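J.: Going by the UniProt record's numbering, the first residue of the sequence shown is number 1, and it counts up by one from there.
Yeah, the Cβ is synthetic: ideal placement off N, Cα and C, and Gly gets one too.
All figures in this text were calculated on a predicted structure; none of them were measured in a lab.
Quick one: the structure is below, questions incoming.
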Amino acid sequence: MAETMNPVIWFEIPVVDMERGKTFYEAVFNLKLTIVDMGPRQMAMFPMEMGVAGIGGALVKEEHFVPSYAGTIVYFSVADITGTLNKVVVNKGKELIPKTSIGEYGFCAYFEDSEGNRIGLHTM
């Protein structure tokens, strides 16, 4: 029997200032990003482990990658949305929509990161 998998496997969040973006995400989510240079593309990889549920992703700085408030939204799973939003504000991001019930699917919220991207938060 063929193994099924989720179709989404990777995300990239554009940044203008890699150090500022990296510092923001490390502080808000209490994790360490790893810088990888790929020619003209610089990436800061979120921690990931092969064979573990979830997708991987990175911050990306490249000429044609532009932060955006409009368009696709990446959601981060967190245990405490309100606490995470507080960290966003302390680290020069903006709360856009506070913790909101989405019924049986839990709760979500939205913020603008240090680079101008709209990002979502989710918890059950």
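1) Check whether chain C comes within 8 angstroms of Glu63, counting only Cβ atoms and requiring the distance to be less than that.
2) Which ranges does the beta strand (DSSP E) cover as unbroken runs of at least 3 residues, wholly within the UniProt domain "VOC" (7 to 124), from first to last along the chain?
3) From Ile55 to Glu104, what does the alpha carbon distance come to, in whole angstroms?
4) State the CB to CB distance for the pair Met110 and Leu96, rounded to an integer number of angstroms; the pair is presumed to be in contact (CB under 8 angstroms).
5) I'd like to check one pair, Thr84 with Leu121: are the Cβ atoms closer than 8 angstroms?
6) Can you tell me which of His64, Glu112 and Asp80 puts its alpha carbon nearest to the alpha carbon of Gly21?
7) Considering only the alpha carbon of each residue, which of Lys99, Phe107, Asp17 and Ser114 lies closest to Lys92?
8) Could you say which of Gly57, Ala53, Met50 and Val52 lies nearest to Met43 if we only look at CA atoms?
9) How many Å lie between Gly106 and Met50 at the Cα?
10) Near Ile81, which residues of its chain fall below 7 angstroms by C-beta distance, leaving aside the five closest residues on each side in sequence?
T.: Reading it off the structure:
1) Going by chain labels, chain C is absent from the structure shown, which holds only one protein chain.
2) Runs found: 10 to 14, 34 to 38, 41 to 45, 56 to 61, 74 to 77, 94 to 101, 107 to 112 and 118 to 123.
3) Residue numbering aside, residue 55 sits at position 55 when the sequence shown is read from its first letter. Residue numbering aside, residue 104 sits at position 104 when the sequence shown is read from its first letter. Using only the alpha carbons, I get a separation of about 23 angstroms.
4) Counted from its first residue, the sequence shown places residue 110 at position 110. Counted from its first residue, the sequence shown places residue 96 at position 96. What sits at residue 110 in the sequence shown is Tyr, not Met. Contact flag correct, Cβ pair sits at about 4 angstroms.
5) Locating residue 121 in the sequence shown gives position 121, counting from the first residue. Locating residue 84 in the sequence shown gives position 84, counting from the first residue. Yes, the Cβ-Cβ distance between Leu121 and Thr84 is below 8 angstroms.
6) Counted from its first residue, the sequence shown places residue 21 at position 21. Ranking the options by Cα distance to Gly21, first place goes to Glu112.
7) As a first step, residue 92 must be located in the sequence shown, where it is residue number 92. Checking every option, the nearest Cα to that of Lys92 belongs to Ser114.
8) For the purposes of this step, residue 43 is taken as residue 43 along the sequence shown, with counting starting at 1. Per the Cα distances, Gly57.
9) Here residue 106 is taken as the residue at index 106 of the sequence shown, counted from 1. Here residue 50 is taken as the residue at index 50 of the sequence shown, counted from 1. When rounded, the distance between both Cα atoms is 27 angstroms.
10) For the purposes of this step, residue 81 is identified with residue 81 of the sequence shown, where counting begins at 1. Only Lys99, Phe107, Ala109, Leu121 and Thr123 meet the Cβ criterion.
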